[in-house]
Amino acid sequence: MIADAPNANAYWSALAIEELTRLGVELFVISPGSRSTPLTLAAAAHPKAQTKIILDERGAAFIALGYARASQKPAALICTSGTALANYYPAIIEASVDCVPLLILSADRPPELRETGANQTIRQTTIYGDYLRWFTDMPCPTNEIAAEFVLTSVDQAHHRALCSPAGPVQINWMFREPLAPTATGEIFEHANRRIEKWLTKNTAFTHYEKSASKPPSEATKNLVKKVNGKQGILVAGQLRDEAERHAVRTLAAKLGWPVFADITSGLRTGERLPNVIAMHDVLLRSPAVAADLLPKVVLQIGARLTSKRLLTFLRDCSCDTYILLANHPFRHDPDHRVTLRLHADIAATCLEFAQKLPEQKHAQSPKIVHQNAHAEQALNRFFDQSNDLSEPGIAHAVAKLAPQNSVFFLASSMPVRDMDNFAVPGGPALHVFANRGASGIDGTISSAIGCALGCQASATLLIGDIAFLHDLNALQQLRSLEEKLVIVVINNNGGGIFSFLPVAEFKTHFERFFATPHGLTFKPAAELFKLNYEYPRTSADFKEAYLRAWQRSGSALIEVQTEREQNLEMHKKIAQLVLDELA
Numbered sequence: 019m020i021a022d023a024p025n026a027n028a029y030w031s032a033l034a035i036e037e038l039t040r041l042g043v044e045l046f047v048i049s050p051g052s053r054s055t056p057l058t059l060a061a062a063a064h065p066k067a068q069t070k071i072i073l074d075e076r077g078a079a080f081i082a083l084g085y086a087r088a089s090q091k092p093a094a095l096i097c098t099s100g101t102a103l104a105n106y107y108p109a110i111i112e113a114s115v116d117c118v119p120l121l122i123l124s125a126d127r128p129p130e131l132r133e134t135g136a137n138q139t140i141r142q143t144t145i146y147g148d149y150l151r152w153f154t155d156m157p158c159p160t161n162e163i164a165a166e167f168v169l170t171s172v173d174q175a176h177h178r179a180l181c182s183p184a185g186p187v188q189i190n191w192m193f194r195e196p197l198a199p200t201a202t203g204e205i206f207e208h209a210n211r212r213i214e215k216w217l218t219k220n221t222a223f224t225h226y227e228k229s230a231s232k233p234p235s236e237a238t239k240n241l242v243k244k245v246n247g248k249q250g251i252l253v254a255g256q257l258r259d260e261a262e263r264h265a266v267r268t269l270a271a272k273l274g275w276p277v278f279a280d281i282t283s284g285l286r287t288g289e290r291l292p293n294v295i296a297m298h299d300v301l302l303r304s305p306a307v308a309a310d311l312l313p314k315v316v317l318q319i320g321a322r323l324t325s326k327r328l329l330t331f332l333r334d335c336s337c338d339t340y341i342l343l344a345n346h347p348f349r350h351d352p353d354h355r356v357t358l359r360l361h362a363d364i365a366a367t368c369l370e371f372a373q374k375l376p377e378q379k380h381a382q383s384p385k386i387v388h389q390n391a392h393a394e395q396a397l398n399r400f401f402d403q404s405n406d407l408s409e410p411g412i413a414h415a416v417a418k419l420a421p422q423n424s425v426f427f428l429a430s431s432m433p434v435r436d437m438d439n440f441a442v443p444g445g446p447a448l449h450v451f452a453n454r455g456a457s458g459i460d461g462t463i464s465s466a467i468g469c470a471l472g473c474q475a476s477a478t479l480l481i482g483d484i485a486f487l488h489d490l491n492a493l494q495q496l497r498s499l500e501e502k503l504v505i506v507v508i509n510n511n512g513g514g515i516f517s518f519l520p521v522a523e524f525k526t527h528f529e530r531f532f533a534t535p536h537g538l539t540f541k542p543a544a545e546l547f548k549l550n551y552e553y554p555r556t557s558a559d560f561k562e563a564y565l566r567a568w569q570r571s572g573s574a575l576i577e578v579q580t581e582r583e584q585n586l587e588m589h590k591k592i593a594q595l596v597l598d599e600l601a
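Just so you know, the sequence shown maps onto residues 19 to 601 in my numbering.
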């Protein structure tokens, strides 16, 4: 493939794809186009490159994002010049803000065509602004430049995508004609000793040694000093993988503090974590509960939190010390409470911290642990006794009914909030993901598909109707997906979250400009894309439909029709029910 390259474009592209596979890149997400022909053909010809063809570049980027989020390995995106790569932008923002590695291989016109009005030519070198971790503008392939330049450029891109803070990188490839593998009679530097030696091996040209992941021992000692013997709470935000979850569980058991675990932490499913406060959002509605919590120390691990009520409590609490541990250097402190910030590997730091922390003396479980148990019991009783189909009830049910170790992707807006509020521990272990970096609703179906690919496991997607419509064309990808995707779409005929906001009081323009009713149902979409379809009308019907979707072959769409006003009242009713239980 490399030795018999017919021209310089094919030669450089073959070098790049070979080097990426040596670095461990497996998935190449390709959108069709002419200028990217050399890269596309090099990926198509490589035996170790798994290629996925996505017509829509926006969807392609979100599939790559979901894959990288789930696997912690970057996928390579390949697209042509012009607005094609502009469609990557929303996913690149999410990847950058949430530290997810991505590799963008964008094709471009040669320098003599830039700023000339040439067809399909835009300013590609600055298109993503500050959201990239690294960028390089590759010259047009030529025998005048040593081939090692291509290899070290690829090596640097891969390293910069993965090293902390992880994120998106772009290699912009300028290509002149011929783009097809047409022989030009060029002779390439196969006799170059360094390239010749590289060709005989299966390792990358440049090896980057991973830097130390643990904080200095003095930093760990300082942590121990600040928390030892203190009354505190542990807040678990988004965690990346099982290694981080295991380490946080180990530390939590040693501390004995109440654990406020976000749904994206993965600590709310599977084996129950002692002292986990799953009902924190509802409990913190009670001034008495909040007043009883007088932490001297807040230890937050992972930077993303879903519950606005928890964020408000953390903002207002009178703790002396607020520690944030995250695997990136970004501030992520909107309320300016953090007094000690650690940028280090979460798993390694938590395990070392737990090892050095002396045994803590706890006469009894914190009061809020008992309050949480009563709240969970009240919630379980309510849903067990009700056959009404509701958005909180859907979240409560799927957390219990999903298959063990399956993937769960939560759309932004109400789905992630409902799971954070109503997913009670004790069900199956789930791998929970969400796009909470920039919290957009775009590309949600594509992201879920990517997560299923990255985990090599079937998945549930809980999504609202507006986000579903936003990424409807992604359903085409389910026909070639080996893994099953069960989509539960909450159709409340518009943007349900706006009913919870102050703007809902201003009725004159609320429906048209915020609720945005569409009047659609989604059975025709299921028929178009050949998905199994269910339309349950009661809670019992939904549970049967969800279990049936997992038993049948192929992906499924379960449409749940709700009313926005009723949903708002249901949330209020459940909150009051829990508060009455505590009274």
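Note that beta-carbon positions come from the ideal geometry of N, C-alpha and C, so glycine has one too.
- Between Ala-396 and Glu-599 a beta carbon distance of about 4 Å is seen, short of the 8 Å cut, so the two are scored as contacting.
- CA-to-CA, the gap between Ile-71 and Ile-96 works out to about 10 Å.
- Uninterrupted alpha helix (DSSP H) stretches at least 4 residues long and entirely within the region 310–359 occur at 326–334, given in chain order.
- Per DSSP, Phe-451 is one residue of the beta strand (DSSP E) stretching across 448–452.
- From the listed residues Arg-53, Phe-540, Thr-556 and Ala-237, the smallest Cα separation to Ala-574 is found for Phe-540.
- The three-state reading of DSSP puts Lys-66 in coil, since its state is none of H, G, I, E or B.
- Burial is judged here by how many other beta carbons sit within 10 angstroms of a residue's own beta carbon; Thr-282 has at least 16 and is buried.
- Counting the other CB atoms within 10 Å of its CB gives Gly-513 a total of 16 or more, which places it among the buried residues.
- Distance from the Cα of Ala-261 is smallest, within the candidate group Gly-288, Ile-364 and Leu-273, for Ile-364.
- Between Val-118 and Leu-150, the gap from beta carbon to beta carbon reaches 8 Å or more.
- C-alpha of Ala-452 to C-alpha of Phe-80: approximately 12 Å in a straight line.
- Residue ranges of uninterrupted beta strand (DSSP E) with 3 or more members, entirely inside the region 479–541 and ordered along the chain, are 503–509.
- In the three-state scheme derived from DSSP, where H, G and I count as helix and E and B as strand, Glu-44 is classed as coil.
- Rounded to the nearest whole angstrom, the C-alpha separation of Thr-55 and Asn-25 is 13 Å.
- The beta strand (DSSP E) runs lying completely inside the region 107–148 and spanning 3 residues or more are 120–126, given in chain order.
- Here DSSP, grouped into helix, strand and coil, assigns Phe-153 to strand.
- When the alpha-carbon of Ala-413 is set against those of Thr-268, Phe-400 and Asp-438, the nearest one is in Asp-438.
- Judged by DSSP in its simplified three-state form, Pro-183 adopts coil rather than helix or strand.
- Listed in chain order, the beta strand (DSSP E) elements of length 3 or more contained wholly in the region 208–291 are 250–254 and 277–279.
- Taking a contact to require three or more Cβ pairs closer than 8 Å, the region 581–596 and the region 292–306 qualify as touching.
- Of the other Cβ atoms in all chains shown, fewer than 16 fall within 10 Å of the Cβ of Pro-376; this residue is therefore exposed.
- Pro-157 and Leu-73 have their C-alpha atoms some 27 Å from each other.
- For Ser-89, the closest of Glu-130, Ala-567, Leu-120 and Val-253 by C-alpha to C-alpha distance is Leu-120.
- Taking a cut-off of 8 Å for Cβ pairs, the region 480–489 and the region 419–432 touch, as three or more such pairs fall below it.
- Take Asp-259, set aside five residues on each side of it, and the residues of its chain with a beta-carbon closer than 7 Å to its own are Gln-90, in chain order.
- A straight-line Cα-Cα distance of about 7 Å links Arg-87 and Cys-469.
- The beta-carbon separation of Ala-109 and Leu-83, rounded to 5 Å, stays under the 8 Å limit for a contact.
- Listed as beta-bridge partners of Phe-427 by DSSP are Phe-451 and Leu-479.
- Under the DSSP assignment, Tyr-564 falls outside any beta strand (DSSP E), being part of the alpha helix (DSSP H) whose first and last residues are 557–569.
- Under the DSSP assignment, Tyr-85 falls in the alpha helix (DSSP H) whose first and last residues are 75–89.
- For the options Ser-465, Tyr-146, Arg-178 and Ile-205, the alpha carbon positioned closest to that of Ile-163 is the one of Ile-205.
- The straight-line gap separating the alpha-carbon atoms of Val-168 and Thr-224 is approximately 11 Å.
- For Val-578, the beta-bridge partners assigned by DSSP are Ile-508.
- Taking Asn-210 as reference, the option from Glu-166, Trp-152 and Val-245 with the minimal CA-CA separation is Glu-166.
- Secondary-structure assignment with DSSP links Asn-405 through no beta bridge to anything.
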